Amino acid sequence: MSGDDLTSASMTAGPANPFSPRAALALVLFGAIAFVVLLWTIGAGMAAGSVNDGGAHAGGKGLNGYAGLADYLGRRGFTVRRSRSAAALAAPGLLVLTPPHGADGAELERIVADRRHIGPTLVVTPKWIGEPVGTSVPGAKRGWVQLAGTATPRWEGFLDYFSAEIAPMQAGRTAALWVADGTGGRLPAGNAVQAGRGEALVPLVEGQQDGRILAGYLGDDGIYPDLERIALHGPDRYGQDEELYPLVVVFEPDLLDNYGMASQANARLAERLVRAAAGGSAGAVTFDLTLNGHARSANLLTLAFTPPFLAATLCLLLAALAVGWRAFLRFGPPRQAARAIAFGKRALVDNAAGLIRRSGRLHLVAGPYATAARERLARALALPRQADANATEAAIDRSLASRTGTPAAFSALAQGLRAARRPHDILKAAQDLHALERTLQA
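Start counting the sequence shown at 90; every next residue gets the next number (the numbering used here).
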């Protein structure tokens, strides 16, 4: 290899790449996917930590929590959502509220009142006072609680027309029977049962022995055929407002919490109650977590993965994928750019020819090229300078004929070159003229 070749190779090729194209593509794809997943987890709130804190809500896995009910309904065909956003309070479908003892009654009243024309609402009143077990008990898991006592809620401004009290069943640990279709179950703690009362309360679940109302719905101007079908006895009056959605109140939380859901019969009773409250079908059920202190405000990442902004996010991801694929197609060390104008006469000739070709005026070069060929031949044949071009061309024809022994008509070739107009004809005539010049060098 010559020195020029070595110089050219050093200018066009960079250092060798230590990674193969497949390895580089795998690294880039893994990093991109991990980054998108990280953004999604942050936007979805998964990076904020678990909500299994021993509270009485759908994220609690202790005795007083409702994680078992949410999981059971999901397996039974319901579309279950655990919401940490206040915007979900206005979403259609059944909304399950599990407010704590110290909830703001005015806020609860506002939430329920706003939903009466949006979707049904099921409110579970708290009873148990749970204390997290922590690490004091060997083998205890996160979210486990110890039931330290009971207390009725004090929500001033909400459900003031109902009252709740905690008392043992007359027969101790007895069954809570749903008389309408024979669905019933046994409470886990019959010595502390919370029941409600009120003139507008239509019972859905009662104690088998004492008839106390453990769950019911508000009998108002609404029409609730699914609840009326399973009610233990019908409401005092039937409404006429078809656009009003029901309000169901479960006074005894052991009908729905993890403590009571340990029984298969109780699970069936809970599903029957939820299905009737949702309108008789396995629709959408939203468990609210904002009232239990787990509200999370929306941020830019949350909006990026939420319709309608999700479409824009997907477009950006596809654009990034296209850019990455284009970059991968030119994988390897970048080549150094060559000189725009190379050294030497050949480069000048090539550039001049390229300029003429792009201008589309190739026929303008034919006449000057024929004149230049005539002058070269006149000098090569040592002919005297003459003012008349035709005389010079005739002298060239005679001189070439005497030297080569053939009638080489330069004048005819020059005239044909001047008369040519198409690029192919011009090139052919110029080649013939150049071949004639080379006969002198042979």
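Positions of the beta carbon are idealized from the N, C-alpha and C atoms, including for glycine. Note that this is a predicted model, so its numbers are computed, not measured.
Distance between residue j and residue i (C-alpha atoms, nearest Å)
i: Val339; j: Leu406; result: 46 Å
i: Ala455; j: Ala427; result: 32 Å
i: Ala409; j: Val117; result: 12 Å
i: Cys404; j: Val126; result: 16 Å
i: Ala264; j: Trp129; result: With a pLDDT of only 49 at Ala264, under the threshold of 50, the placement of this residue in the model should not be trusted; the figure read from the coordinates follows. Approximately 46 Å between the Cα atoms of the pair.
i: Arg170; j: Ala192; result: 22 Å
i: Arg507; j: Asp477; result: 17 Å
i: Gly433; j: Asn440; result: 11 Å
i: Asp486; j: Ala462; result: 13 Å
i: Ala240; j: Ala176; result: 30 Å
i: Ala519; j: Ala467; result: 17 Å
i: Gly431; j: Val438; result: It is Ala, not Gly, that sits at residue 431 in the sequence shown. When rounded, the distance between both Cα atoms is 11 Å.
i: Glu341; j: His206; result: 26 Å
i: Glu295; j: Leu344; result: 11 Å
i: Leu472; j: Ala429; result: 43 Å
i: Pro288; j: Asp299; result: Sequence inspection shows Glu at residue 288; the Pro mentioned does not correspond to that position. Spanning the two alpha carbons is a distance of roughly 18 Å.
As assigned by DSSP and simplified to three states, the class of residue i
i: Trp244; result: coil
i: Phe119; result: helix
i: Leu472; result: coil
i: Ala264; result: In this predicted model, Ala264 has a pLDDT of only 49, less than 50, meaning its place in the structure is not dependable; the value taken from the coordinates is given anyway. Strand, per DSSP.
i: Trp129; result: helix
i: Arg205; result: coil
i: Glu360; result: helix
i: Asp377; result: strand
i: Ile200; result: helix
i: Tyr155; result: coil
i: Leu516; result: helix
i: Thr210; result: strand
Beta carbon of residue i nearer than 7 Å to that of residue j
i: Gly151; j: Gly232; result: yes
i: Asn347; j: Gly154; result: yes
i: Val337; j: Leu162; result: no
i: Phe251; j: Leu290; result: yes
i: Pro236; j: Gly223; result: Here the sequence assigns Leu to residue 236, which means Pro is not the residue at that position. Their beta carbons are not under 7 Å apart, which means Leu236 does not touch Gly223 by this criterion.
i: Gly166; j: Ala371; result: yes
i: Asp377; j: Ser172; result: yes
i: Gly305; j: Leu316; result: no
i: Lys195; j: Gly274; result: Per the sequence shown, the amino acid found at residue 195 is Ala instead of Lys. Going by C-beta atoms, Ala195 is not nearer than 7 Å to Gly274.
i: Val226; j: His383; result: no
Any chain D beta carbon closer than 7 Å to residue i
i: Thr187; result: In summary, chain D is missing from the structure at hand, where a single protein chain is found.
Cross-strand partners of residue i (DSSP beta bridge)
i: Leu236; result: Gly219
i: Ser252; result: Arg286
i: Ser172; result: Asp377
i: Asp330; result: Gly311
i: Ile302; result: Gly285 and Glu295
### Message
With a threshold of 8 Å, are at least 3 pairs of Cβ atoms found where one atom belongs to the segment 404 to 414 and the other to the segment 107 to 127?
### Response
Contact between the segment 404 to 414 and the segment 107 to 127 is present: 3 or more CB-CB pairs across the two stretches fall below 8 Å.
### Query
Okay, do the segment 305 to 315 and the segment 329 to 337 touch, 3+ Cβ pairs below 8 Å being the bar?
A contact exists between the segment 305 to 315 and the segment 329 to 337.
### Query
Do the segment 170 to 190 and the segment 205 to 217 meet, that is, are 3 or more Cβ pairs less than 8 Å apart?
Between the segment 170 to 190 and the segment 205 to 217 there are three or more inter-stretch CB-CB distances shorter than 8 Å, so the stretches are counted as touching.
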